[in-house]
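Comments concern the structure below.
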Amino acid sequence: MVLVVKQHRCMHSASCVCIKGHLSEDALFLVFRHMNWNPRLIAVLSCVCKWFDEVAKQVLWKEFCLARAPKMMQDLHSGGSHIVDGNWKALGKLLIYCNGCTKGGLFNNIHVPGHVVFKSRFSRTAGKSFLPLQCRNDVLYVSDPCEHLDQGEEGDLGFFRGIFKSFATSRVKRMLIEKRARNI
Numbered sequence: 001m002v003l004v005v006k007q008h009r010c011m012h013s014a015s016c017v018c019i020k021g022h023l024s025e026d027a028l029f030l031v032f033r034h035m036n037w038n039p040r041l042i043a044v045l046s047c048v049c050k051w052f053d054e055v056a057k058q059v060l061w062k063e064f065c066l067a068r069a070p071k072m073m074q075d076l077h078s079g080g081s082h083i084v085d086g087n088w089k090a091l092g093k094l095l096i097y098c099n100g101c102t103k104g105g106l107f108n109n110i111h112v113p114g115h116v117v118f119k120s121r122f123s124r125t126a127g128k129s130f131l132p133l134q135c136r137n138d139v140l141y142v143s144d145p146c147e148h149l150d151q152g153e154e155g156d157l158g159f160f161r162g163i164f165k166s167f168a169t170s171r172v173k174r175m176l177i178e179k180r181a182r183n184i
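Residue numbers (our numbering): 1 to 184.
Structure representation (structure tokens):
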């Protein structure tokens, strides 16, 4: 019988700097809850090793989203819809990050770099105003505009971010597919 020596290194990453093992998920949960789910620190922790990255994806980003937008998260998960499961990190980024735009994109002469927004609020009511009449039963959460002032001759720009509830079964998706089919 061969004795296996207990290893204190992270088994998930060859370059892990964890020399004495990992904290438990419960301890990380309590620490980040005390820090009010600071997204920058969650991102830094994700870079430490694969194990921390997995904990951040599965636990910390989820709790960040639930803390920042509880009513929206509850609605997105109501009716058996679990569209966010596994994508908490992406949803967290949607809540706090404006992608901006590059030259030659939507606005030809303007470059607005991506940035973290100071505060964001998502509204289901505002989302209805973005939908065509035939799609008003769909649910779209839209952020308050991220305003970019003094953009030269184009004037001020406001960018919106949004997420559909149950996009796979939405009328908007059906309409987009039908329009694409007619254009081919």
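All C-beta atoms, glycine included, are put in the ideal place defined by N, C-alpha and C.
Item to check | Residues that DSSP places opposite residue 165 in a beta bridge | outcome: Under DSSP, residue 165 forms a beta bridge with 139.
Checklist entry - How long is the line joining the alpha carbons of residue 116 and residue 74, rounded to whole angstroms? => result Separation of residue 116 and residue 74 (C-alpha to C-alpha, rounded to the nearest whole angstrom) is 24 Å.
Checklist entry - Do you know how far the Cα of residue 30 is from the Cα of residue 47? => result Using only the alpha carbons, I get a separation of about 20 Å.
Checklist entry - When the Cβ atoms of the stretch 162 to 173 are set against those of the stretch 140 to 148, are three or more pairs found closer than 8 Å? => result The stretch 162 to 173 makes contact with the stretch 140 to 148; the number of CB pairs closer than 8 Å reaches 3 or more.
Item to check | Continuous beta strand (DSSP E) stretch holding residue 157: start and end | outcome: Bounds of the beta strand (DSSP E) holding residue 157 are 157 to 159.
Item to check | Alpha-carbon spacing of residue 8 relative to residue 23, whole angstroms | outcome: Because residue 8 sits at a pLDDT of 42, beneath the cut-off of 50, its placement in the model cannot be relied upon, and the point is left open.
Checklist entry - In terms of DSSP beta bridges, what is residue 122 paired with? => result Bridge partners of residue 122: 143.
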